[in-house]
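So the structure is just underneath, and the comments pick up after that.
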Amino acid sequence: MNKDSRIYIAGHTGMVGSAILRLLKERGFTNFITSTSASTDLRNQAQVNDFFEREKPEFVFMAAAKVGGIFSNNTYRGEFLYDNLMIEANIIEASRVHHVKKLLFLGSSCIYPKMAPQPINESDLLTGPLEYTNEPYAIAKIAGIKLCETYHDQYGCNFISVMPTNLYGPNDNYDLNNSHVLPALIKKFHTAKQNNLPSVVIWGTGKPKREFMHVDDLANACLFLMNNYDEKEFVNIGYGEDITIKELAELVKNIIGFEGEIEHDLSKPDGTPRKLMDSSKLRNLGWSPSISLEHGIQTVYEEVKNRL
Ligand code: GFB
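Dropping the structure here:
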């Protein structure tokens with residue numbers, strides 16, 4: 300990519316897309332193409348084709364998706380499958396038709412089998428059944444990976460895919476029904492501290508383990524791969540360590556300075572027991588993360604605490 304290349308960031312208002320846009324601006328890129336759902340419905344093929352015809356992007360970061368935490372994934376199962384399939388298929392096909400030079404597609408660590416061996420290697424894809432609560436989202440993301448792979452094979456398109464671990468950072472979603480665990484915990488402990496509540500309720504047993512990465516590290520990895528990787532095989536982007544949800548709750552509790560108890564709502568699902576990714580392929584290509592979980596949560600909390 301040159302500094303004046305025409306770069307389309309699909310989903311630029313979301314947590315991932317906004318982090319990529321921020322990074323590219325910092326690095327001196329100038330020629331951005333963005334769209335909002337009000338102007339272009341990415342689920343609509345005709346609208347996406349018109350958009351590509353008009354804007355003629357050279358490079359595409361595919362960060363647009365319907366996303367959410369475990370409860371949202373499990374509640375809006377049809378929407379998670381349909382919206383994500385349509386968005387991916389429309390953008391990837393339009394990128395082929397309009398000769399995009401390179402496209403980077405973002406998947407998710409939930410594509411892997413529920414009981415995959417840990418840490419999970421890229422070769423573990425499609426070796427076992429998926430976790431039920433996020434099967435629709437995972438199926439859509441697997442379809443996106445396969446579109447990139449098959450377009451590489453059949454048309455020679457330079458479309459690559461990356462699989463990020465669980466992410467957090469600026470522009471996250473703090474709606475407790477739809478959010479992921481980390482913003483939910485920040486909001487819950489902050490609210491409990493402000494209101495002198497005796498306890499905070501977390502979902503499930505607290506035993507599942509998750510790996511968390513700051514979205515600025517993810518954006519950095521995406522730019523690295525956009526510049527240095529042209530293979531059809533997708534690449535895991537992980538932090539390299541995971542912690543239990545209970546440990547995460549203790550960490551957030553300490554950072555926020557809440558002194559009450561932690562209780563469990565066992566009517567809520569645990570989801571996948573563990574999904575630590577094997578990111579050795581990315582490390583061997585020469586990239587590694589730099590933002591520790593504790594520091595990352597501290598900076599996010601400082602930024603949002605007056606708006607929660
Ligand atoms: O982040 P999360 O919603 O998604 O939940 P997943 C992770 C774990 O935290 C689960 C527990 O075991 C939750 O039960 N948890 C505890 C909470 N308290 C809370 C809470 O207040 N809110 C939430 N949301 N969780 C999603 C997938 O899975 O991760 C997506 O559904 C995607 O498809 C995404 O892959 C990255 O890590 O379980």
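In terms of my numbering, the sequence shown opens at residue 300 and continues consecutively.
C-beta: ideal position from N, C-alpha, C; glycine also.
By the CB criterion at 9 Å, Y467 and M512 fall inside the cutoff. When rounded, the separation of the alpha-carbon atoms in M300 and E430 is 37 Å. About 5 Å separates the beta carbon of I544 from that of G505, a gap short enough to meet the 8 Å contact definition.
Residue burial annotation: D515 is buried, with at least 16 other C-beta atoms found within 10 angstroms of its C-beta.
Proximity of the beta carbon of C521 to the ligand GFB is not indicated: no heavy atom of the ligand is located closer than 8 Å.
Under the criterion of beta carbons closer than 8 Å, L584 and Y538 do not qualify as touching, at roughly 16 Å. Under the three-state reduction of DSSP, M300 is assigned to coil, being neither helix nor strand. Within the model, the alpha-carbon separation for G503 versus I561 is close to 12 Å.
Leaving aside the five residues that flank L496 on each side, the residues in its chain whose CB is nearer than 7 Å to its CB run, in chain order, G559. For I391 and E354, the gap between their C-alpha atoms comes out near 15 Å. The three-state secondary structure of S566, taken from DSSP, is coil. With a cutoff of 8 Å, A483 counts as near the ligand GFB, since its C-beta is closer than that to a heavy atom of the ligand. Of the other Cβ atoms in all chains shown, 16 or more fall within 10 Å of the Cβ of E510; this residue is therefore buried. Per DSSP, the unbroken beta strand (DSSP E) holding P463 starts and ends at 458–463. One alpha carbon belongs to P428, the other to Q493, and they sit about 43 Å apart. Looking at the DSSP output, E560 shares a beta bridge with S498. Burial is judged here by how many other beta carbons sit within 10 angstroms of a residue's own beta carbon; P507 has at least 16 and is buried.
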